[in-house]
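In our numbering, the protein residues as written are -3 to 447.
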């Protein structure tokens, strides 16, 4: 095998490889000899078929097999001998392919960059910490009490008013034609809840059981179903039942109904859950700030092929969103530029985190992976066993859960080395900071999976 380096520019490498014809014919002869020991053809006993006849019948297929093996093995050896780490599968371009002659082909690869020594001690970050005020717990308990309200018929009967529960049938039409999803039977609606488009519930105020009412509304211009956005519609509503809610007091009985020992235990559980929510928001913010700093501090070259693959994956989701009627920016060229920058950032961070993980022996344990599978199963109540069996039969799918766990562990490792200060804030300040962070940065900037 003869290897000639044609070019080495940035992360791109190109080689010319020549495999002697003798190597291929020797491999074909070797396979023919193996085949001759067991081959059967009409008129010949097993293992007695002449090699020449076998070559005539199977020679082309065996040559193709030998060629594929030679290209793969010689490419792998050329890469290994030079200590290269390919970012993607090598691209092979056959230049000369004729049986009996040397095989000549070119190999183009992109290699992973040398990231170098990383020092995180100079990275300064701020972690926002919000305690849970009593009013947040009180509001959450009130929502639980509201969800546990009972309904009773209105006696004596009266017209519907805000806060009542109304059961109705309705059929919607636009330009005199019914539309998909515009009808329902025995639909329960709390007047004033804002569940329907603006103006719908207001027109049911004053309705009486047994009446039929035409509710006239206009779908919002940004309505999810593009074919209905901005259109005038009429909903023919038949009022079937009318109830009023009976408030439930926040007491031990309410707590026991929700599987708590008493009201105090329920308040503690609610406070803990809210605290976890605040901690998760804070964690997301400091992680995002960390990744921003890492992306800015470490400007190593990134393989174009990885960027292109990441961009294509992102753009495919954009195209699907368009097909589903989601309104996006009109300037496609600008969007492509922005998302290509996002793709580069994701690849850069993926490579950096992978390097940190490898260098510091960070790994995902089988227990952590199994816990991730269990969390996935818990997302589908009543189907947990089927989900677990599905992951058990699909090792590749199960392995996809590894990347986010690895990422979180690596981020934790870096945060331990960085200079992190804490700042106490109110919940309102925390949520405001989180909203502003979302508005300042595109949403799809998480690191890509490491290659």
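We treat Cβ as the ideally placed atom computed from N, Cα and C, and that holds for glycine.
- The beta carbons of residue 360 and residue 398 sit closer together than 7 angstroms.
- DSSP, reduced to helix, strand and coil, places residue 359 outside both helices and strands of the structure shown, so it counts as coil.
- For residue 40 and residue 49, the gap between their C-alpha atoms comes out near 11 angstroms.
- For residue 375, there is no enclosing alpha helix (DSSP H), as DSSP marks it with neither H nor E.
- Counting the other CB atoms within 10 Å of its CB gives residue 46 a total below 16, which places it among the exposed residues.
- Linking residue 434 to residue 343 through their CA atoms gives a straight-line distance of about 20 angstroms.
- Rounded to the nearest whole angstrom, the C-alpha separation of residue 115 and residue 71 is 36 angstroms.
- Within the same chain, 174, 178, 179, 231, 232 come within 8 angstroms of residue 167 by CB-CB distance, once the 5 residues on both sides are set aside.
- When DSSP states are grouped into helix, strand and coil, residue 157 belongs to the coil group.
- Residue pairing by DSSP leaves residue 204 without any beta bridge partner.
- Nearest to residue 149 by alpha-carbon distance, out of 242, 299, 373, is 242.
- Ranked by Cα distance from residue 264, the first of 218, 20, 276, 137 is 137.
- Per DSSP, residue 386 is one residue of the alpha helix (DSSP H) stretching across 380 to 389.
- Assigned with DSSP and collapsed to three states, residue 210 falls in strand.
- Straight through space, the alpha carbons of residue 324 and residue 330 are spaced by roughly 12 angstroms.
- For residue 402, the enclosing alpha helix (DSSP H) stretches over residues 398 to 413.
- With at least 16 other beta carbons inside 10 angstroms of its own, residue 281 counts as buried.
- Counting along the chain, the unbroken beta strand (DSSP E) around residue 183 starts and ends at 173 to 186.
- When DSSP reads this structure, residue 129 sits in no beta bridge, so it has no partner.
- Spanning the alpha carbons of residue 251 and residue 327 requires a straight line of approximately 54 angstroms.
- Going by DSSP, residue 12 is part of no alpha helix (DSSP H) but of the beta strand (DSSP E) stretching over 8 to 15.
- The distance from the Cβ of residue 358 to that of residue 307 is about 28 angstroms, inconsistent with a contact at the 8 angstroms cut-off.
- Looking at 8, 248, 185, 14, the one whose alpha-carbon comes closest to that of residue 0 is 14.
- Between residue 31 and residue 106, the CB-CB gap reaches or exceeds 7 angstroms.
- Three or more beta-carbon pairs separated by less than 8 angstroms link the region 404 to 415 to the region 347 to 356, which places the two stretches in contact.
- In this structure, the CA atom of residue 279 is about 8 angstroms from the CA atom of residue 123.
- Taking the Cα positions, residue 118 is about 39 angstroms away from residue 131.
- By the beta-carbon neighbour count (other beta carbons within 10 angstroms, threshold 16), residue 3 is exposed.
- Per the coordinates, the alpha-carbon of residue 38 lies some 36 angstroms from the alpha-carbon of residue 69.
- Per DSSP, the unbroken alpha helix (DSSP H) holding residue 307 starts and ends at 300 to 319.
- Apart from sequence neighbours up to five positions away, the residues of its chain that approach residue 21 with a beta-carbon distance below 8 angstroms are 96, ordered along the chain.
- With contact defined as three or more Cβ pairs closer than 8 angstroms, the region 81 to 90 and the region 295 to 306 are in contact.
- Ranking 154, 92, 165, 127 by CA distance to the CA of residue 204 puts 154 first.
- One Cα belongs to residue 302, the other to residue 336, and the distance between them is close to 11 angstroms.
- By the C-beta density criterion, residue 377 is exposed, having fewer than 16 other C-beta atoms within 10 angstroms.
- With 16 or more other CB atoms across the displayed protein chains lying within 10 angstroms of its CB, residue 103 is buried.
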